[in-house]
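J.: First, the structure itself, so that you have it in front of you.
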Amino acid sequence: MSEMKSRRELANLALGSVAAMGLVAATTATAEAYQGNMERALSSLYDALGSLREASSNKGGHRVKAMNLIQDAISEVQQGIEFADDH
Numbered sequence: 068m069s070e071m072k073s074r075r076e077l078a079n080l081a082l083g084s085v086a087a088m089g090l091v092a093a094t095t096a097t098a099e100a101y102q103g104n105m106e107r108a109l110s111s112l113y114d115a116l117g118s119l120r121e122a123s124s125n126k127g128g129h130r131v132k133a134m135n136l137i138q139d140a141i142s143e144v145q146q147g148i149e150f151a152d153d154h
């Protein structure tokens, strides 16, 4: 009877270990897919673009140039996120 209980406990322990490993693998895959820093950078870039759009236009063309550079940066960050999602 004691041996049967030990086998059952061992089987439960093995099953629990497999389940835990699956949970860790799923969590790791999700963590790798989420691009938190990139998403925050994208949000900051959109905020900066909005601020520049609201600023007065008497900046000698530098405001417009900055807006164009930020739009380029937004595109690059989005491409980086998509690349990471695909790989």
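Quick note, the working numbering runs 67 ahead of the 1-based positions in the sequence shown. Backbone N, C-alpha and C define an ideal beta-carbon position, used for all residues, glycine too.
1. Looking at L112: is its Cβ nearer than 8 Å to the Cβ of R130?
2. Please state whether the Cβ-Cβ distance between V144 and L109 is less than 8 Å.
3. Determine the DSSP secondary structure at H129, reduced to helix, strand or coil.
4. Return helix, strand or coil for A96, following the three-state DSSP convention.
5. In angstroms, rounded to a whole number, what distance separates the CA positions of A96 and A122?
6. From Y101 to N125, what does the alpha carbon distance come to, in whole angstroms?
7. Please confirm whether I148 and M105 have their CB atoms less than 8 Å apart.
T.: In terms of the structure at hand:
1. no
2. Yes, the pair counts as a contact, with Cβ atoms nearer than the cut-off.
3. helix
4. Low per-residue confidence applies at A96: pLDDT is 48, beneath 50, and the placement is therefore not dependable, though the value from the model is reported in the following sentence. Looking at A96 - three-state DSSP - the assignment turns out to be helix.
5. No answer about A96 holds up, because its pLDDT of 48 lies below 50 and its placement is not dependable.
6. 40 Å
7. Against a cut-off of 8 Å, the Cβ pair of M105 and I148 comes out as a contact.
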